[in-house]
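If you count the sequence shown from 1, you need to add 2 to reach my numbering.
For reference, the structure is listed below as structure tokens.
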Amino acid sequence: MEQDFQSAPKKFWQTVRRLRRGKRNPVHTVFGVGGGLLTSTESIVWWWKEYFGDLLNPTNTHSEEEAGPEDFGLGSPITGVEVAGAVKQLRSGSAPGVDEIQDWIQQLQEPRKLLISAVCDSNKEVFYEGKQSWEDIPKHELDHLIVDDNHGIIYCFVPKVACTNLKRIMFVLKKGKPYQDPMSIPGNMVHATSKLTYLRDLPKAKLKHYTKFLFVRNPFVRLISAFRDKFQSRNELYYNRIGRDILRLYGKHQNPPLTVDEAFASGILPSFHNFIQYLLDPETRKNSPFDYHWRQMYHLCHPCRIQYDFIGHQENLQEEAEQLLRILRLEDDIKFPPSYENITTVDFVLDWFQTLTLEERRNLYKLYKPDFKLFGYPEPHELLDG
């Protein structure tokens with residue numbers, strides 16, 4: 003054990019030097035210990051350095067110091083032999099490569115990434131706000147990025163875009179047993195912030211090395227979904243926090259019902275038109291951003307400053323979630339929960355927007371135009387043309 007422990011750091015740094023000299027297969031992309039995709043030599047070096055640093059320095063001594071064999075506790079995740087074996091696999095080039103990922107998945111993703119890049123560059127003042135690097139993103143704006151260190155994955159969750167089931171996946175990856183079936187996890191559990199790990203509490207450098215993904219949705223359909231969830235169901239929190247103000251300001255009810263139950267009993271509820279009036283009112287955005295259930299997706303996930311490895315669309319959720327699991331090399335470990343039918347027909351949206359004036363529709367589109375453009379959703383001419 004002691005000999006293996008002492009030889010592992012030497013072998014590891016030999017690997018680092020070899021990789022830095024460029025003696026590597028340029029075709030393959032190496033995966034980290036947990037299966038996370040590593041897309042560059044720099045990422046490989048960083049990830050494996052972090053991994054071996056934890057194993058070989060279990061007492062949390064300074065990173066420049068090597069822990070002695072006596073510090074290598076019995077509770078360490080793997081043995082020195084396994085460390086040396088992992089390094090050997092990395093050096094030999096036998097770690098899995100991107101050639102194992104189906105070409106059709108890559109062909110689907112590449113245009114989406116190129117579109118985001120082009121749209122971002124077309125209006126840098128809007129999308130970059132003078133700051134083009136992920137390093138410039140304030141910590142408090144990283145509260146939608148969930149991190150799984152075990153597999154080297156970061157997921158930016160967008161409310162009303164399959165986020166409950168995608169959070170269940172992240173929960174399973176983090177917790178493991180007894181939570182191996184995503185559907186066995188209650189929705190309220192995955193939405194409890196204490197149950198998952200967020201990038202706001204971790205080094206931002208993980209953005210550079212981890213596999214990052216998000217799922218998006220037609221912005222107007224997402225907006226309708228948010229309204230139905232928060233104002234057409236008995237949601238006491240949102241009724242008290244926002245609904246009563248909407249009724250007072252836009253619904254012509256100076257004394258709205260005090261509770262959501264009273265509101266439902268009386269039939270005095272915020273209408274979709276009232277909700278849109280609330281969104282379009284400059285006073286709504288004057289003091290604070292939109293509630294995250296209807297905040298623009300690009301504000302939540304920063305696609306112009308964070309290069310995502312996978313961008314999924316809810317309109318094709320089941321198939322694309324399975325594609326994601328293949329890319330993450332988790333398709334044999336986790337099955338994505340069955341999803342409900344996603345209604346996105348033109349008539350569906352038209353039905354909801356019929357109470358809005360043409361001016362309101364156009365102003366609403368201006369608010370969400372960046373999301374339409376970035377994620378490839380066509381301009382809804384049927385709503386905007388007079």
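Virtual Cβ for every residue (Gly too), placed ideally from N, Cα, C.
This structure is a prediction, so every number in the text was calculated from the model and none was measured.
For this session: Could you check how far apart the C-beta atoms of Ile148 and Met172 are, in whole angstroms? I think they sit under 8 Å.
Result: Along the sequence shown, one-based indexing puts residue 148 at 146. Along the sequence shown, one-based indexing puts residue 172 at 170. At roughly 5 Å, the Cβ-Cβ gap stays under 8 Å, so Ile148 and Met172 are in contact.
Problem set entry | CB-CB length for Asn276 against Ile248, believed under 8 Å | As a working mapping, residue 276 is identified with position 274 in the sequence shown. As a working mapping, residue 248 is identified with position 246 in the sequence shown. Asn276 to Ile248, Cβ: 5 Å. Contact.
Exercise. Going by the CB atoms, is the gap between Leu216 and Cys303 shorter than 8 Å?
Worked result: The residue labelled residue 303 in the question sits at position 301 within the sequence shown. The residue labelled residue 216 in the question sits at position 214 within the sequence shown. A contact, by the Cβ cut-off of 8 Å.
Problem set entry | Exposure of Asp387, with buried meaning 16 or more beta-carbon neighbours within 10 Å | As a working mapping, residue 387 is identified with position 385 in the sequence shown. Classification of Asp387: exposed, given that the 10 Å Cβ count is below 16.
Exercise. Tell me, which residues are paired with Asp150 by DSSP?
Worked result: As a working note, residue 150 is residue 148 in the sequence shown. According to DSSP, which records beta bridges pairwise, Asp150 is partnered with Ile155.
Exercise. Quick check: the region 238-257 against the region 329-338, are there 3 or more CB pairs under 8 Å?
Worked result: Touching, no, given that fewer than three Cβ pairs across the two stretches are closer than 8 Å.
For this session: Could you check if Leu260 is buried or exposed, using at least 16 other CB atoms within 10 Å of its CB as the buried criterion?
Result: One-based indexing of the sequence shown puts residue 260 at position 258. Burial call: exposed.
Exercise. By how many angstroms is the C-alpha of Val121 removed from the C-alpha of Lys375?
Worked result: In the sequence shown, counting from the first residue as 1, residue 375 sits at position 373. In the sequence shown, counting from the first residue as 1, residue 121 sits at position 119. A direct Cα-to-Cα measurement between Lys375 and Val121 gives close to 7 Å.
Problem set entry | Presumed contact (8 Å Cβ cut-off) between Ile278 and Leu358, rounded CB distance | Stepping through the sequence shown from its first residue, residue 278 is reached at position 276. Stepping through the sequence shown from its first residue, residue 358 is reached at position 356. Contact flag correct, Cβ pair sits at about 6 Å.
Exercise. Are Gly269 and Thr213 close, meaning C-beta to C-beta below 8 Å?
Worked result: For the purposes of this step, residue 269 is taken as residue 267 along the sequence shown, with counting starting at 1. For the purposes of this step, residue 213 is taken as residue 211 along the sequence shown, with counting starting at 1. Inclusion of Gly269 and Thr213 in the CB contact set at 8 Å is not warranted, their separation being larger than that value.
Problem set entry | CA nearest to the CA of Arg230, picked from Ala267, Lys210, Phe274 and Leu239 | To locate residue 230, count along the sequence shown from 1; it is residue 228. Minimum Cα distance to Arg230 is reached at Phe274.
For this session: Output the distance between the C-alpha atoms of Pro98 and Ala207, rounded to the nearest integer angstrom.
Result: Working through the sequence shown from its first residue, we reach residue 98 at position 96. Working through the sequence shown from its first residue, we reach residue 207 at position 205. With a pLDDT of 38 at Pro98, under the threshold of 50, the modelled position of this residue cannot be trusted; read the value that follows with caution. C-alpha separation (whole angstroms): 24 Å.
For this session: Could you name each continuous beta strand (DSSP E) segment of 3 residues or more that falls completely within the region 212-256, going from the start of the chain to the end?
Result: With a minimum length of 3 residues, the continuous beta strand (DSSP E) runs that stay inside the region 212-256 are 213-218.
For this session: Quick one: grab the DSSP three-state call for Thr199.
Result: For the purposes of this step, residue 199 is taken as the residue at position 197 of the sequence shown. Here Thr199 carries a strand assignment [DSSP, helix/strand/coil].
Problem set entry | Per-residue DSSP class, three states only, for Ile313 | The residue given as residue 313 occupies position 311 in the sequence shown. In this structure, Ile313 counts as strand in the three-state DSSP scheme.
Problem set entry | Local conformation of Leu271 per DSSP, three classes | On the sequence shown, position 269 is the one that residue 271 refers to. Here Leu271 sits in coil by DSSP.
For this session: Return yes when the Cβ of Leu204 is within less than 8 Å of the Cβ of Leu281, no when it is not.
Result: Reading the sequence shown from its first residue, position 279 is the one you call residue 281. Reading the sequence shown from its first residue, position 202 is the one you call residue 204. Note that the C-beta distance between Leu281 and Leu204 is not below 8 Å.
For this session: Look at the alpha carbon of Ser227 and the alpha carbon of Leu352, and state the distance between them as a whole number of angstroms.
Result: One-based indexing of the sequence shown puts residue 227 at position 225. One-based indexing of the sequence shown puts residue 352 at position 350. Cα-Cα distance, rounded: 14 Å.
For this session: Just tell me which of Val163, Glu143 and Tyr310 has its CA closest to the CA of Asn318.
Result: Indexing the sequence shown from 1 puts residue 318 at position 316. From the listed residues Val163, Glu143 and Tyr310, the smallest Cα separation to Asn318 is found for Val163.
Problem set entry | Own chain residues within Cβ distance below 8 Å of Val262, not counting five before or after | Locating residue 262 in the sequence shown gives position 260, counting from the first residue. Excluding sequence neighbours, Val262 sits near Arg236, Asn237, Glu238, Tyr241, Asn242 and Gly245.
Exercise. Quick one, are the C-beta atoms of Phe312 and Leu327 less than 8 Å apart?
Worked result: The residue labelled residue 312 in the question sits at position 310 within the sequence shown. The residue labelled residue 327 in the question sits at position 325 within the sequence shown. Taking 8 Å as the Cβ cut-off, Phe312 and Leu327 do not qualify as a contacting pair.
For this session: Decide if Gln316 is buried, meaning its Cβ has at least 16 other Cβ atoms within 10 Å, or exposed.
Result: Start at 1 with the first residue of the sequence shown, and residue 316 comes out as number 314. Buried is the label assigned to Gln316, since at least 16 other Cβ atoms lie within 10 Å of its Cβ.
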